[in-house]
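In the working numbering, the protein residues as written are 29 to 328.
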């Protein structure tokens, strides 16, 4: 392989962005000639200490050659249309994000319509006519995506997304989990006294958090629109971390919370339905729907 390019947004800091940089860093560490290609880049993001810590080079152009490889997250699959010969790889960081960007076909590209047809699960155990209709509409909006061609390679950070790819006919899906940052392992030796605090994940519905604030005499915080340092401090102080939103991949925050001494609660929506992605006892899960007994679990 002559060159491996990892395509990444350069205007936001997120778990997905860290995962893409970590992938590029590990490729370089393994002896490959790899680099980052950014779009919508902002200097304050690219020069952020968390990005610079990966020590990965950036590139400004790609040669469309079969000797090169292009890796994109599931949100940037339209970028493949600019290339013919290059080897193409999709890295599935979150299944649900795939249906949000690129946008739906008209008229469902309007945000309010996207909310109406949004599914909790885009394959598998959700039943009933409304869910099936929404699932068909979601896949119809993405039916012309070239990533389902045989020459595209698929990697997934979650068992959940890998199952969906196999359901769509992809024979081989390579599991590559995104790791927790090393600083969270180091924090085990620097625990702080716990407070009567419950930390909710960013995907937990606001209404549920509001009801918890009315019913419980605990400090409740939603970990959204915060710096990584602030999130880590809240997790160090909280007794419980709960995520009752739609888990689109093998999310890092529940693992980080467990490392910082939190009891983790979850529902069984999305990737949280699978022990391979959310390995916590059933007593710490909240079931909104029962998994169908005949659901097939593929051997990955």
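Note that beta-carbon positions come from the ideal geometry of N, C-alpha and C, so glycine has one too.
| field | Test item: CB-CB of residue 187 and residue 302 under 8 Å | value | Against a cut-off of 8 Å, the Cβ pair of residue 302 and residue 187 comes out as a contact.
| query | residue 269 and residue 257: beta carbons closer than 8 Å? | reply | No, the pair does not count as a contact, with Cβ atoms beyond the cut-off.
| Would you say the segment 217-228 touches the segment 246-261, given that touching needs at least three Cβ pairs under 8 Å? | The way I'd put it, the segment 217-228 does touch the segment 246-261; three or more beta-carbon pairs between them come closer than 8 Å.
| query | Out of 277, 259 and 205, which has the shortest C-alpha to C-alpha gap to residue 290? | reply | 259
| task | Check whether the Cβ atoms of residue 47 and residue 121 lie closer than 8 Å to each other. | result | yes
| query | Which residue comes first and which comes last in the beta strand (DSSP E) that contains residue 7? | reply | There is simply no residue 7 to check, as the chain begins at 29 and stops at 328 in what is shown.
| field | Proximity to residue 88 [Cα-Cα], best of 57, 35, 109 and 138 | value | 35
| Does the beta-carbon of residue 330 have 16 or more other beta-carbons within 10 angstroms, so that it is buried, or is it exposed? | Since the displayed the chain opens at 29 and closes at 328, residue 330 lies outside it and no answer follows.
| said: If distances are taken between C-alpha atoms only, which option among 151, 166, 123 and 103 comes closest to residue 144? | reply: 166
| message | On the DSSP letters alone, give me the boundaries of the alpha helix (DSSP H) that residue 261 sits inside. | response | 256-265
| By Cβ distance below 6 Å, which residues in the same chain neighbour residue 175 in space, the five residues on each side in sequence not counted? | 105 and 118
| Should residue 42 be labelled buried (16 or more other beta-carbon atoms within 10 Å of its own) or exposed? | Answer is exposed; the Cβ neighbour count stays below 16.
| Integer-rounded CB distance, given that residue 222 should sit under 8 Å from residue 267 | Their Cβ separation, rounded to whole angstroms, is 5 Å, which keeps residue 267 and residue 222 in contact under 8 Å.
| request: Can you tell me the Cβ-Cβ gap for residue 66 and residue 74, rounded? I've got them flagged as a contact below 8 Å. | output: 7 Å
| request: Take residue 31 as the anchor and find which of 261, 49, 50 and 64 has the nearest alpha-carbon. | output: 64
| message | Our contact map puts residue 233 next to residue 273 with C-beta atoms below 8 Å; I'd like the distance itself, whole angstroms only. | response | Residue 233 to residue 273, Cβ: 7 Å. Contact.
| said: Am I right that residue 193 and residue 150 are in contact with their C-beta atoms under 8 Å? What's the rounded C-beta distance? | reply: The Cβ separation is near 11 Å, so there is no contact.
| query | Taking DSSP as the reference, what is the three-state secondary structure of residue 98? | reply | strand
| request: For the alpha helix (DSSP H) holding residue 219, just list the boundary residues, first then last. | output: Looking at the DSSP string, residue 219 is not in any alpha helix (DSSP H), and its letter there is neither H nor E.
| request: State the start and end residues of the unbroken alpha helix (DSSP H) segment that holds residue 302. | output: From DSSP, residue 302 is part of no alpha helix (DSSP H); its letter is neither H nor E.
| Excluding five sequence neighbours on each side, which residues of the same chain lie with their C-beta closer than 8 Å to the C-beta of residue 287? | Cβ within range, chain order: 208, 212, 213, 215 and 216.
| field | Reference residue 79; option with closest CA among 103, 38 and 58 | value | Comparing C-alpha distances from residue 79 to each of 103, 38 and 58 shows the shortest one belongs to 38.
| request: In angstroms with no decimal places, state the Cα-to-Cα distance between residue 96 and residue 61. | output: Straight-line Cα distance between these residues: approximately 10 Å.
| task | Consult DSSP for residue 182 and reduce its assignment to one of helix, strand or coil. | result | strand
| request: Measure the C-alpha to C-alpha separation of residue 338 and residue 123 and round it to an integer number of angstroms. | output: Since the first residue of the chain shown is 29 and the last is 328, residue 338 is not available in this structure.
| task | Excluding the 5 residues preceding and the 5 following residue 135 in the sequence, name in chain order all residues of the same chain whose CB lies nearer than 7 Å to its CB. | result | 141
| message | So, under 8 Å CB-CB, residue 335 and residue 276 are touching, yes? Tell me the CB distance rounded to an integer number of Å. | response | Nothing can be reported for residue 335: it is not among the residues displayed for the chain, which extend from 29 to 328.
| request: Tell me whether residue 182 is buried or exposed, calling it buried when 16 or more other Cβ atoms sit within 10 Å of its Cβ. | output: buried
| request: Please report the residue range of the alpha helix (DSSP H) in which residue 234 lies. | output: 234-243
| Of the residues 68, 202, 138 and 52, the one placed nearest residue 40, counting alpha carbons only | 68
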